[in-house]
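Participant:
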Amino acid sequence: MNAEIIPQSRVRVAVHRRGFHVRNFTGTVIGWTSSGLIKVMEDKKDKARCYSSEHVKLIRQ
Numbered sequence: 001m002n003a004e005i006i007p008q009s010r011v012r013v014a015v016h017r018r019g020f021h022v023r024n025f026t027g028t029v030i031g032w033t034s035s036g037l038i039k040v041m042e043d044k045k046d047k048a049r050c051y052s053s054e055h056v057k058l059i060r061q
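At position 39 of the sequence shown the residue is numbered 39 (UniProt numbering), and the sequence of numbers has no breaks.
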């Protein structure tokens with residue numbers, strides 16, 4: 001399923017800290033990093049952060 005995630009895709013990200021689930025958010029994919037992480041910009045925020053592809057799910061439209 002991660003092969004379908006391309007830049008400008010809408011995704012849902014599950015944020016984990018030290019192995020514990022903290023929250024979910026929706027955002028837009030900016031791109032992939034060379035190490036295989038997905039760079040996502042959260043809705044209504046200015047910063048893009050990198051997340052593991054295991055925690056990113058594509059939102060079907």
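Just so it is clear, CB atoms sit at the ideal spot from N, CA and C, and this is done for glycine as well.
Every value quoted in this text rests on a predicted model; they were computed, and no experiment measured them.
1. In angstroms, rounded to a whole number, what distance separates the CA positions of Arg23 and His55?
2. Quick check on Gly27: buried or exposed, where buried means 16 or more other Cβ atoms within 10 Å of its Cβ?
3. Take the Cβ of Ile59 as the centre, count every other Cβ of all protein chains shown within 10 Å, and call the residue buried at 16 or more, exposed below.
4. From this set, Gly31, Phe25 and Trp32, which residue's C-alpha is nearest Lys45's C-alpha?
Facilitator: Taking the geometry as given:
1. Between Arg23 and His55, the C-alpha separation is close to 11 Å.
2. With 16 or more other Cβ atoms within 10 Å, it is buried.
3. Around the CB of Ile59, fewer than 16 other CB atoms lie within 10 Å, so the residue is classed as exposed.
4. The shortest C-alpha separation from Lys45 is found at Phe25.
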